[in-house]
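Data block below; observations after.
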Amino acid sequence: MHAVLGSRVSYGIVRKLKHFELLDEMHRRRGREFGDFVRDLRGMREAADYREEWEPQRRVTENRLAKVQSALGRLEGEIGTELI
Amino acid sequence: MTSTELENLIRTRLDSSGLLPVLDEFKSQFLEFPDEFFVELVLTDGAKLVDVERIGREVRELLRKQGVDLDVIVRAIWTVTEVGDPAGNLQLGRWRVPVTLASGGLTQQVKVDVLFSVVLDLKKRIAGQGWSENSAIKEVVKKFIEVELSLGGESYWNPIRDQSLEINDNALSYLFAHTPVARTLGIQG
Numbered sequence: 001m002h003a004v005l006g007s008r009v010s011y012g013i014v015r016k017l018k019h020f021e022l023l024d025e026m027h028r029r030r031g032r033e034f035g036d037f038v039r040d041l042r043g044m045r046e047a048a049d050y051r052e053e054w055e056p057q058r059r060v061t062e063n064r065l066a067k068v069q070s071a072l073g074r075l076e077g078e079i080g081t082e083l084i
Numbered sequence: 085m086t087s088t089e090l091e092n093l094i095r096t097r098l099d100s101s102g103l104l105p106v107l108d109e110f111k112s113q114f115l116e117f118p119d120e121f122f123v124e125l126v127l128t129d130g131a132k133l134v135d136v137e138r139i140g141r142e143v144r145e146l147l148r149k150q151g152v153d154l155d156v157i158v159r160a161i162w163t164v165t166e167v168g169d170p171a172g173n174l175q176l177g178r179w180r181v182p183v184t185l186a187s188g189g190l191t192q193q194v195k196v197d198v199l200f201s202v203v204l205d206l207k208k209r210i211a212g213q214g215w216s217e218n219s220a221i222k223e224v225v226k227k228f229i230e231v232e233l234s235l236g237g238e239s240y241w242n243p244i245r246d247q248s249l250e251i252n253d254n255a256l257s258y259l260f261a262h263t264p265v266a267r268t269l270g271i272q273g
């Protein structure tokens with residue numbers, strides 16, 4: 001989420017966005033699939049931080065981490081700077 | 085008006101024109117922003133793009149009269165149907181690869197330029213892996229096009245408008261790091 005927040009500057013968005021606004025921006029800028037992916041990541045991070053009974057599923061986590069890395073690589077390539 | 089009401093309005097218009105079946109419900113989206121609505125209509129048939137674009141314009145004009153701004157993107161889902169043989173161009177310092185895309189009843193030709201530095205890099209990497217230079221380039225080009233087609237929203241690639249792409253060293257590094265193409269070619273990313 002923080003990397004995506006960083007990328008918003010490249011879109012010319014300088015005001016602070018609330019999380020739900022940021023998700024809408026991601027849907028708009030990069031399509032529904034990517035927006036839904038970021039939303040799922042946010043849900044996973046919230047579950048990990050705030051739900052005691054939540055346990056990570058190794059395959060799901062690894063798969064999402066690989067996708068995050070790929071998405072970040074592409075975002076960085078497009079805006080020409082490192083995001084994290 | 086809410087985004088749901090807008091969605092219903094557009095769906096009704098598409099339905100009455102017989103175009104609703106080509107709308108991909110899972111990729112299309114209807115979003116509400118503080119100053120305007122944003123709609124992305126994703127079609128399974130590129131042959132219907134012009135008709136759906138017209139409906140998008142009509143709805144935008146209708147809303148404008150009510151003082152509501154609407155930004156509409158209409159795009160199609162494309163698949164790679166053929167990657168042609170690469171042809172080297174020494175003068176331009178690149179290889180040119182013709183690619184055919186299809187979306188429902190519409191086909192589109194595009195070309196991908198692969199820089200010589202990329203070809204040389206690839207040639208070194210595939211040495212001893214049983215791939216010919218041409219087939220390795222074609223494999224990389226196919227994956228590159230698929231990556232380009234994977235983004236939606238305002239970042240989508242419109243192959244009708246932009247018929248020429250380029251694979252440079254950065255693009256090759258990205259493909260090797262983040263797609264299965266290196267594994268397919270049997271090489272280390």
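Here the protein sequences line up with chains C and U, keeping their order. Numbered per the numbering used here, the first sequence spans residues 1 to 84. Numbered per the numbering used here, the second sequence spans residues 85 to 273. For every residue, glycine included, the Cβ atom is placed at its ideal position computed from N, Cα and C.
State the beta-bridge partners of residue i as determined by DSSP.
i, result
"residue 197 (chain U)", "U:180, U:250"
"residue 101 (chain U)", "Paired residues: none, contrary to the question."
"residue 261 (chain U)", "Beta-bridge pairing links residue 261 (chain U) to no other residue."
"residue 187 (chain U)", "U:190"
"residue 218 (chain U)", "DSSP output for residue 218 (chain U) lists no bridge partner at all."
"residue 159 (chain U)", "U:126"
"residue 164 (chain U)", "U:185"
"residue 121 (chain U)", "U:116, U:154"
So, with DSSP's three-state summary, where would you put residue i?
i, result
"residue 43 (chain C)", "helix"
"residue 95 (chain U)", "helix"
"residue 150 (chain U)", "coil"
"residue 114 (chain U)", "strand"
"residue 70 (chain C)", "helix"
"residue 131 (chain U)", "helix"
"residue 239 (chain U)", "helix"
"residue 169 (chain U)", "coil"
"residue 267 (chain U)", "helix"
"residue 28 (chain C)", "helix"
"residue 233 (chain U)", "helix"
"residue 23 (chain C)", "helix"
"residue 256 (chain U)", "helix"
"residue 107 (chain U)", "strand"
"residue 212 (chain U)", "coil"
"residue 51 (chain C)", "coil"
"residue 64 (chain C)", "helix"
Check this for me: beta carbons of residue i and residue j, under 8 Å apart or not?
i, j, result
"residue 183 (chain U)", "residue 225 (chain U)", "yes"
"residue 269 (chain U)", "residue 210 (chain U)", "yes"
"residue 249 (chain U)", "residue 202 (chain U)", "no"
"residue 130 (chain U)", "residue 32 (chain C)", "no"
"residue 121 (chain U)", "residue 100 (chain U)", "no"
"residue 143 (chain U)", "residue 94 (chain U)", "yes"
"residue 164 (chain U)", "residue 133 (chain U)", "no"
"residue 139 (chain U)", "residue 190 (chain U)", "no"
"residue 137 (chain U)", "residue 114 (chain U)", "no"
"residue 238 (chain U)", "residue 74 (chain C)", "no"
"residue 127 (chain U)", "residue 156 (chain U)", "no"
"residue 192 (chain U)", "residue 244 (chain U)", "yes"
"residue 41 (chain C)", "residue 64 (chain C)", "yes"
"residue 271 (chain U)", "residue 213 (chain U)", "yes"
"residue 103 (chain U)", "residue 123 (chain U)", "no"
"residue 106 (chain U)", "residue 172 (chain U)", "no"
Exposed or buried, which one is residue i when buried takes at least 16 other CB atoms within 10 Å?
i, result
"residue 19 (chain C)", "exposed"
"residue 170 (chain U)", "buried"
"residue 264 (chain U)", "exposed"
"residue 85 (chain U)", "exposed"
"residue 261 (chain U)", "exposed"
"residue 216 (chain U)", "exposed"
"residue 204 (chain U)", "exposed"
"residue 233 (chain U)", "buried"
"residue 146 (chain U)", "exposed"
"residue 66 (chain C)", "exposed"
"residue 30 (chain C)", "buried"
"residue 206 (chain U)", "buried"
Ordered along the chain, which non-local residues of its own chain (more than five positions away) have a Cβ less than 6 Å from that of residue i?
i, result
"residue 57 (chain C)", "none"
"residue 222 (chain U)", "167"
"residue 116 (chain U)", "87"
Excluding five sequence neighbours on each side, which residues of the same chain lie with their C-beta closer than 8 Å to the C-beta of residue i?
i, result
"residue 48 (chain C)", "54, 56"
"residue 141 (chain U)", "156"
Can you list, in chain order, the residues of its chain whose CB lies under 7 Å from that of residue i, leaving out five sequence neighbours each side?
i, result
"residue 178 (chain U)", "197, 198, 199, 200"
"residue 35 (chain C)", "23, 26, 27"
"residue 69 (chain C)", "none"
"residue 228 (chain U)", "196, 251, 255, 259"
"residue 37 (chain C)", "67"
What do you reckon, is the C-beta of residue i under 7 Å from a heavy atom of the ligand ZN?
i, result
"residue 106 (chain U)", "Looking at this structure, you won't find the ligand ZN or any other ligand, since it has none at all."
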